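Read through the structure below, which is laid out as C-alpha cells, and then see the notes.
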Amino acid sequence: MIITMPDDVEKIIEILEKAGYEAYAVGGCIRDVILGREPDDWDITTSAHPGEVKRLFKRTFDTGIQHGTVTVLMHGVGYEVTTFRIDGVYEDARHPKEVTFTDDLTMDLERRDFTINALAYNHTRGLVDRFGGIEDMRAGIIRCVGDPVERFTEDALRMMRAVRFAAQLGFRIDPDTAEAASKLAPNLSKVSAERIMTELTKLLLSDHPDMLRNCYELGLTAVFLPEFDKCMISPQNNRHHCYNVGEHILHTMSAVRPDRVLRFTMMLHDIAKPMVMTVDEDGSIHNKGHADVGADLSVKILHRLKSDNDLIDRVKVLIRYHDWRFEPTARGVRRVMSRLGSELFPLLLEVQRADIAGQSDYMREEKLRRLDEVEAVAREITEAGEALSIRDLKVNGQDLIACGISPGPQIGTILEAMLEHVLEVPGDNEKDILIGMFVNKPSE
Numbered sequence: 065m066i067i068t069m070p071d072d073v074e075k076i077i078e079i080l081e082k083a084g085y086e087a088y089a090v091g092g093c094i095r096d097v098i099l100g101r102e103p104d105d106w107d108i109t110t111s112a113h114p115g116e117v118k119r120l121f122k123r124t125f126d127t128g129i130q131h132g133t134v135t136v137l138m139h140g141v142g143y144e145v146t147t148f149r150i151d152g153v154y155e156d157a158r159h160p161k162e163v164t165f166t167d168d169l170t171m172d173l174e175r176r177d178f179t180i181n182a183l184a185y186n187h188t189r190g191l192v193d194r195f196g197g198i199e200d201m202r203a204g205i206i207r208c209v210g211d212p213v214e215r216f217t218e219d220a221l222r223m224m225r226a227v228r229f230a231a232q233l234g235f236r237i238d239p240d241t242a243e244a245a246s247k248l249a250p251n252l253s254k255v256s257a258e259r260i261m262t263e264l265t266k267l268l269l270s271d272h273p274d275m276l277r278n279c280y281e282l283g284l285t286a287v288f289l290p291e292f293d294k295c296m297i298s299p300q301n302n303r304h305h306c307y308n309v310g311e312h313i314l315h316t317m318s319a320v321r322p323d324r325v326l327r328f329t330m331m332l333h334d335i336a337k338p339m340v341m342t343v344d345e346d347g348s349i350h351n352k353g354h355a356d357v358g359a360d361l362s363v364k365i366l367h368r369l370k371s372d373n374d375l376i377d378r379v380k381v382l383i384r385y386h387d388w389r390f391e392p393t394a395r396g397v398r399r400v401m402s403r404l405g406s407e408l409f410p411l412l413l414e415v416q417r418a419d420i421a422g423q424s425d426y427m428r429e430e431k432l433r434r435l436d437e438v439e440a441v442a443r444e445i446t447e448a449g450e451a452l453s454i455r456d457l458k459v460n461g462q463d464l465i466a467c468g469i470s471p472g473p474q475i476g477t478i479l480e481a482m483l484e485h486v487l488e489v490p491g492d493n494e495k496d497i498l499i500g501m502f503v504n505k506p507s508e
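The following block contains the structure:
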C-alpha cells in the first residue's frame, strides 16, 4: 500500500532516515488517508531523541519535550515529531508519571488507544500494522490496542474518544472495549471539563450525533451530563410525541445540520422537561415552562463544561424561544426577527424544523407548512429592507441632537419608541416622518 503524504512530511522523514534513524507518519493521519478522509494534521514518530531532532532541523520548538515531542516548522506549518516511547504508570487517568524512550516501533504503537490509530507508514517500509487496525477498519470496529481496561485506566478520556470515533466514522465499538468503558466510566470524572467538551463537540458535529446514546449506555453521560440521563427515562405520553425525552433529543440532533450552535441547542433544548413534568388524570404528560427553565439550565451546563460565552449566549436564546409558535403574519414575524436579530432568527427556524422531525406525525404537515409560511414572510421583510433594529432607522442619535434633544438616556428612549412604531408601520421609517412624530410633535 502506497500512501501519499505532504511534501513536508516526506522531507522530515527523509532527513531523519538519512541521519540513521527510523521515522514514520503515524496515527490518525494514516487512518484517515486509508479511509479516504482528509487528515487534520500529520504526526511523525521516530527513534531519534528530542535533542537529535532539534539538531537536524533549523526551526523547532518544544511542545512536550518531557514526553518526547518536538514541533518541527516547515514552510510555516508545525509537525509534531515524537520519539518512540514506553509510558510509565498513569496516576491521574491522563498523564504517565514518566516515559521511557525506546528504539522499538512496536512498543510505541502498543501504547496507543485504538487499533485504527496504531498505524505507521513510510515509503521505505510501507504500512506498519501490528495490531489489526486495517482489519478493524474493514469491519467498522473501534477496538482498544491490547487490554481495554489498561488503555482506559491510562487515560479515561479514551472512553469518550471511542464513542467519538465511532460517531465520526460510522463504526461500532468492540464488545470488550465497550465492557471496559462501562466498568471504568466513573473515572471520567478525573478528566478536565475542557477535554470532555472538546470530545463532546467533535461527537455532536459528526455524521452520527445520536451516538450520544452510546455515552449514556456506557455510563459516561452520568459523569458529564447527568441531566441527559434523566431525559432518557422521562416519557412523553402526548400525541405530539412518539419518543421519550432523551430519544427525541437524539433524533432532533440528527435532523439539524452540523453547526456547533444548532447541535448544542438540540442537545439541550428539552433538557429541563423532567424538571417540570406534570401528569394529567388521563396520563397525558405536559412540560409547561420547560423552555425558560431549560434556557437557564443550559447556561449552567455549558459553564460546567467550560464552554465559551458566545456559544452559551446563542444556545440560551434559541432554547428560550424554541417552542415559540408565532403566526406567519408580517407584524408577528417582524417582531420576532427584531427580538432575535438577523443571525439567530434563521437558526430558530432550523431548530423548530428539527424539533418537528423528532416528534410524532400528528399535525406534522401543518407545523411544517406554518414554518414555510414564516420563512416566506421573513424573506419579503428582508427583501423590502424593513427596519428591525435601531441601527436600521433612518434617524440616529446625531439627528436627534441636531433637533435640540440633549445627549443622554432620552436619546435611546426616543429611538426605541421610533423602532416600536416602525415595527408596526414599516413605511414610516423615513427621517422627516419620524422626526415629525417623535420630536417636532404638532401642538394639540
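Basically this note's numbering = 1-based index in the sequence shown + 64. Note that beta-carbon positions come from the ideal geometry of N, C-alpha and C, so glycine has one too. Predicted model, so just to flag it, every value in this text is computed and none were measured.
Where the beta strand (DSSP E) through residue i begins and ends
i    : result
Y143 : 141-147
N186 : 183-186
T530 : Because the chain spans 65 through 508 in this model, residue 530 falls outside it and cannot be assessed.
L191 : 190-193
Span of the alpha helix (DSSP H) around residue i
i    : result
M339 : 337-340
I262 : Here the sequence assigns Thr to residue 262, which means Ile is not the residue at that position. Unbroken alpha helix (DSSP H) run through T262: 257-268.
V438 : 428-448
V163 : Unbroken run through V163 is the beta strand (DSSP E), 163-165; no alpha helix (DSSP H).
I291 : According to the sequence shown, residue 291 is Glu rather than Ile. 290-295 is the extent of the alpha helix (DSSP H) around E291.
S253 : Element bounds for S253: n/a, residue is neither H nor E.
E407 : 394-421
L332 : 324-332
D211 : Element bounds for D211: n/a, residue is neither H nor E.
L169 : 169-173
Residues of its chain near residue i, where Cβ-Cβ distance is below 7 Å and the 5 sequence neighbours each way are ignored
i    : result
M339 : V357
K118 : T124, V134
E253 : It is Ser, not Glu, that sits at residue 253 in the sequence shown. Cβ within range, chain order: V287.
F502 : I478, A481, M482
A359 : K380, I383, R384
L413 : L435, V438, E439
V363 : I376, K380
Where residue i falls: helix, strand or coil (DSSP)
i    : result
M201 : helix
C279 : helix
E508 : Because E508 carries a pLDDT of 45, less than 50, the predicted location of this residue cannot be relied on, and the following value inherits that uncertainty. Looking at E508 - three-state DSSP - the assignment turns out to be coil, as it is neither helix nor strand.
R384 : helix
L369 : coil
I469 : coil
D219 : coil
H305 : coil
L498 : helix
I44  : Any question about residue 44 goes unanswered here, given that the chain covers just 65 to 508.
D492 : helix
R236 : strand
F390 : coil
V363 : helix
D425 : coil
D151 : strand
V459 : coil
V320 : coil
Other residues of its chain near residue i: CB distance less than 6 Å, five sequence neighbours each side excluded
i    : result
E86  : S111
E508 : Any reading at E508 needs caution, since the residue's pLDDT is 45, under 50, leaving its predicted position unreliable; the model's value is listed next. The answer is none, since no qualifying residue turns up.
A451 : L457, V486, N493
V400 : F390
D96  : P103
D387 : A355
T127 : T133, T135
E291 : I335
N186 : I77, Y88
R176 : A182, V209
G283 : S246, A249
Residue-level contact to chain B via CB, residue i, 8 Å cutoff
i    : result
K122 : Among the chains in the structure shown there is no chain B, since it carries only a single protein chain.
beta-carbon residue i near the ligand NAD non-hydrogen atom, thresh 7 Å
i    : result
I237 : Looking at this structure, you won't find the ligand NAD or any other ligand, since it has none at all.
Contacting residues, own chain, Cβ-Cβ under 8 Å from residue i (five flanking each side not counted)
i    : result
I76  : A87, I108, F121, V136, M138, Y143, V145
I349 : P299, Q300, N301, N302, M341, T342, V343
A230 : I206, R236, I237, H272, M275, N278
> In the segment 68-127, which residue ranges form an unbroken alpha helix (DSSP H) of at least 4 residues, counting only runs that do not cross its ends?
Replying inline: 71-82, 92-98, 114-120
> Pairing CB atoms from the segment 256-267 with CB atoms from the segment 290-297, are three or more of them under 8 Å?
Replying inline: no
> Three or more C-beta pairs closer than 8 Å, one from the segment 446-453 and one from the segment 327-334: is that the case here?
Replying inline: Contact between the segment 446-453 and the segment 327-334 is absent, because fewer than three Cβ pairs lie under 8 Å.
>> Between the segment 134-146 and the segment 67-81, can you find at least three pairs of beta-carbon atoms closer than 8 Å?
In response: Because the criterion of three Cβ pairs below 8 Å is met, the segment 67-81 and the segment 134-146 touch.
> How do the segment 341-360 and the segment 237-245 stand: do at least 3 beta-carbon pairs fall below 8 Å, yes or no?
Replying inline: no
> How about the segment 425-442 and the segment 461-471: do they share at least three Cβ pairs that are nearer than 8 Å?
Replying inline: no
> On the three-pair Cβ rule with 8 Å, is the segment 362-374 touching the segment 407-419?
Replying inline: no
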